[in-house]
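Notes to accompany the following structure.
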Amino acid sequence: MSPGVKRLAMTFSARSVGGNMGPRKFWQEYMSSLKYHNPNVQMDVVRTKEVCGSPTLTIEFDSASAQTLDIKDKDRADIYTAVLEATKATLVPTTEEDNDLIIEYDKFKKRILQRAGNRKVRIEAARVAGRTMNISPLVQ
């Protein structure tokens with residue numbers, strides 16, 4: 001983000017109804033990265049219990065001006081793009097080491113998902129086998 005950005009403030013419902021899913025996903029997936037790369041920018045998130053009003057994201061600048069974005073029914077990527085445009089931010093380039101880590105993580109994730117799928121298959125097979133087997137109680 002440009003050095004002139006002082007604060008980001010998000011307000012949305014903790015429930016994902018009423019156009020709050022995109023803001024919630026943006027908060028989960030992008031806010032930590034934005035905070036990591038912009039430690040000097042204050043980032044506040046208010047999650048309300050009730051679904052009231054429209055979810056908003058307010059960007060405050062050093063010049064005492066502010067820009068409020070209506071983020072109701074917006075996708076997380078659309079919100080991210082709007083924040084980048086409003087703050088005149090530039091993307092941090094990835095290094096070769098970062099690319100290697102991304103590839104390694106994708107392989108790891110694929111293995112974990114494969115194991116989970118295999119486990120589900122084994123559980124279902126055991127469930128079906130238990131249902132079809134003639135199991136009688138022990139007789140003494």
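FYI, the UniProt record's numbering numbers position 88 of the sequence shown as 88, with every residue one higher than the one before it.
Don't be surprised by glycine CBs; every beta carbon is placed ideally from N, CA and C.
Distance between beta carbons of residue j and residue i, contact taken as under 8 Å
i     : j      : result
TYR30 : TYR105 : Not a contact, Cβ separation roughly 18 Å.
LYS6  : ASP62  : 5 Å
VAL46 : VAL17  : Actually they do not touch by this definition, with Cβ atoms about 17 Å apart.
MET1  : ALA89  : 4 Å
Contact set for residue i: own chain, Cβ-Cβ below 8 Å, skip 5 residues either direction
i      : result
ALA126 : none
MET133 : Because MET133 carries a pLDDT of 47, less than 50, the predicted location of this residue cannot be relied on, and the following value inherits that uncertainty. Hits under 8 Å: none found.
ALA86  : ILE59, GLN67 and LEU69
ASP73  : GLY19 and GLY22
Cβ shell of residue i (< 6 Å), same chain only, five flanking positions each side left out
i      : result
LEU57  : MET10, LEU69 and ILE71
GLN42  : ARG7
LEU138 : Low local confidence applies: a pLDDT of 48 at LEU138 is under 50, so the model's placement there is unreliable, and no value is given.
LEU13  : First, the residue type needs correcting, since residue 13 is Ser and not Leu in the sequence shown. Counting only Cβ-Cβ distances below 6 Å, and skipping sequence neighbours, we find ASN20, THR48 and VAL51.
LEU84  : none
SER54  : ASP70 and LYS72
Sheet register partners of residue i (DSSP bridge)
i     : result
ASP44 : ALA9
GLU60 : ARG7 and ALA66
Bounding residues of the alpha helix (DSSP H) (the contiguous stretch that carries residue i)
i     : result
LYS25 : 21-29
ARG76 : 76-87
Contact set for residue i: own chain, Cβ-Cβ below 7 Å, skip 5 residues either direction
i      : result
GLU97  : none
LYS109 : none
LEU25  : This sequence places Lys at residue 25; Leu is not what is there. Hits under 7 Å: ARG76.
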